[in-house]
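Residue numbers (this note's numbering): 1 to 388.
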């Protein structure tokens with residue numbers, strides 16, 4: 001490597017590091033470590049059932065951080081081109097269609113690609129594609145978003161993905177796709193009468209799904225939302241055990257490694273769907289407040305970076321990313337404390353699994369890369385406040 005090439009590489013890395021929001025990154029890593037500590041307490045004492053969650057997730061976290069830095073170095077301005085967005089969209093739809101042919105079934109849903117000991121769930125990166133599509137669409141039409149036509153067109157793009165995910169059937173991810181669209185429509189400036197129309201249409205669609213599409217186990221989950229204790233030995237068992245785990249943590253928690261609900265396996269899927277309950281049992285109310293504080297910092301930094309985007313596209317992408325994380329957190333915590341039906345959604349940066357962790361860090365890395373086009377008027381402020 002010539003001296004010039006080495007110097008250019010050094011400058012590129014140096015600029016990338018200066019462009020990183022270290023408060024955001026450290027907060028995200030802290031949340032991930034909280035998940036790792038909780039998983040480590042599961043593995044203590046060892047059983048094949050635990051599948052070495054701590055070791056595997058530690059590896060995924062390491063890889064995800066590398067992906068974050070690499071994606072931070074990329075100039076993502078090419079994503080503003082309509083042709084690129086269209087290609088990404090049709091590729092995503094093709095991947096979802098391919099699942100019906102060669103996808104693996106896990107927890108009753110044909111939503112995974114399996115390659116030996118490695119499995120991958122494509123819906124996680126596809127959520128990023130949805131955010132990009134909506135950011136691109138609304139960035140050029142934000143002034144006339146009150147026109148119902150733009151709501152229908154954007155909804156059509158998302159509806160195709162929604163249907164393909166729903167038919168897997170992955171009810172939890174389908175709901176997140178819909179809420180992601182709704183959230184981005186709201187921040188884009190929808191009128192109140194159109195918002196009411198959206199909810200009325202949603203109610204009608206839900207009625208049709210209930211009577212024509214929903215399977216018995218899906219109806220049971222929704223019934224448990226209204227009457228969670230009616231079948232605690234059957235369909236309501238998971239939610240009931242989760243509520244017990246959260247409540248038993250009280251103020252200071254039982255201590256790391258002393259969560260009986262998860263250790264004794266009363267609480268199912270404690271490393272993924274119910275990791276918040278397992279964490280709350282061991283860390284208590286104080287630990288939960290600390291966790292929510294970290295998530296609050298994450299949202300603050302994402303929205304701060306988004307607010308200084310060079311164009312509406314960068315701004316809407318950052319907002320969409322924050323909305324996606326918020327939806328996941330609300331649904332996950334809601335189902336862990338018995339306020340929402342169990343849909344099998346992960347907790348961002350904390351639940352076990354490589355697919356969602358890679359996608360989350362990749363999304364944040366893209367946001368960091370987009371900071372290169374931050375508005376010049378904010379340049380000095382950005383460097384003083386965001387670079388530590």
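Ideal Cβ positions, reconstructed from N, Cα and C, are used throughout, including at glycine.
Predicted, not measured: the structure shown is a model, and the values here were computed from it.
Nearest CA to the CA of residue i: which residue from the options?
| i | options | result |
| --- | --- | --- |
| residue 138 | 177, 100, 190, 25 | 190 |
| residue 338 | 370, 346, 246 | 246 |
| residue 254 | 239, 281, 276 | 281 |
| residue 166 | 343, 333, 56 | 343 |
| residue 201 | 182, 216, 219, 218 | 182 |
| residue 340 | 274, 109, 95, 186 | 274 |
| residue 209 | 238, 174, 243, 180 | 174 |
| residue 36 | 103, 52, 178 | 52 |
| residue 130 | 147, 170, 159 | 159 |
| residue 21 | 300, 134, 330 | 300 |
| residue 170 | 110, 242, 98, 311 | 110 |
| residue 270 | 292, 243, 293, 291 | 243 |
| residue 328 | 23, 124, 310 | 124 |
| residue 322 | 26, 79, 211, 297 | 297 |
| residue 288 | 333, 318, 17 | 333 |
Measure the alpha-carbon distance for residue i versus residue j and round it to whole angstroms.
| i | j | result |
| --- | --- | --- |
| residue 320 | residue 82 | 18 Å |
| residue 91 | residue 286 | 44 Å |
| residue 38 | residue 28 | 16 Å |
| residue 350 | residue 176 | 18 Å |
| residue 161 | residue 67 | 26 Å |
| residue 19 | residue 372 | 7 Å |
| residue 382 | residue 128 | A caution first: residue 382 carries a pLDDT of 40, below 50, which makes its placement in the model too unreliable to give a value. |
| residue 354 | residue 214 | 29 Å |
| residue 385 | residue 302 | Caution applies to residue 385, whose pLDDT of 37 falls short of 50 and renders its modelled position unreliable; the value that the coordinates give is listed next. Using only the alpha carbons, I get a separation of about 13 Å. |
| residue 156 | residue 114 | 30 Å |
| residue 283 | residue 256 | 7 Å |
| residue 100 | residue 326 | 29 Å |
| residue 240 | residue 217 | 16 Å |
| residue 364 | residue 106 | 28 Å |
| residue 151 | residue 185 | 7 Å |
| residue 330 | residue 24 | 20 Å |
| residue 348 | residue 212 | 32 Å |
| residue 312 | residue 248 | 46 Å |
| residue 290 | residue 188 | 32 Å |
| residue 206 | residue 97 | 24 Å |
| residue 390 | residue 178 | Nothing in the structure corresponds to residue 390, since the chain is present only between 1 and 388. |
| residue 69 | residue 108 | 35 Å |
| residue 65 | residue 168 | 30 Å |
| residue 310 | residue 140 | 14 Å |
| residue 89 | residue 318 | 19 Å |
| residue 172 | residue 196 | 24 Å |
Buried or exposed: which applies to residue i, given that a residue is buried once 16 or more other Cβ atoms fall within 10 Å of its Cβ?
| i | result |
| --- | --- |
| residue 164 | buried |
| residue 117 | exposed |
| residue 87 | exposed |
| residue 94 | exposed |
| residue 314 | buried |
| residue 346 | buried |
| residue 316 | buried |
| residue 112 | buried |
| residue 258 | exposed |
| residue 103 | buried |
| residue 153 | exposed |
| residue 250 | exposed |
| residue 133 | buried |
| residue 49 | Annotation note: pLDDT 49 at residue 49 (below 50); position unreliable, coordinate value reported separately. Looking at its Cβ environment, which holds fewer than 16 other Cβ atoms inside 10 Å, residue 49 is exposed. |
| residue 17 | exposed |
| residue 26 | exposed |
| residue 456 | Nothing about residue 456 can be read from this structure; the chain reaches only from 1 to 388. |
| residue 267 | buried |
| residue 78 | exposed |
| residue 292 | exposed |
If contacts are defined as beta-carbon pairs under 8 Å, then residue i and residue j qualify, I think. What distance do you get, rounded to the angstrom?
| i | j | result |
| --- | --- | --- |
| residue 352 | residue 260 | About 20 Å separates the two Cβ atoms, so there is no contact after all. |
| residue 369 | residue 74 | 5 Å |
| residue 34 | residue 252 | 16 Å between Cβ atoms; not a contact. |
| residue 71 | residue 276 | Residue 71 to residue 276, Cβ: 27 Å. No contact. |
| residue 180 | residue 41 | So it is not a contact: roughly 33 Å between Cβ atoms. |
| residue 295 | residue 31 | 7 Å |
| residue 335 | residue 76 | Not quite, the Cβ-Cβ distance comes to about 34 Å (not below 8 Å), so this is no contact. |
| residue 194 | residue 126 | That belief does not hold up - the Cβ atoms of residue 194 and residue 126 are roughly 26 Å apart, past 8 Å. |
| residue 136 | residue 80 | 7 Å |
I'd like to know if the segment 350-366 and the segment 55-71 are in contact, where contact means that at least 3 CB-CB pairs between them fall below 8 Å.
Segments in contact, yes.
Contact between the segment 108-125 and the segment 293-308: three or more CB pairs below 8 Å?
Touching, no, given that fewer than three Cβ pairs across the two stretches are closer than 8 Å.
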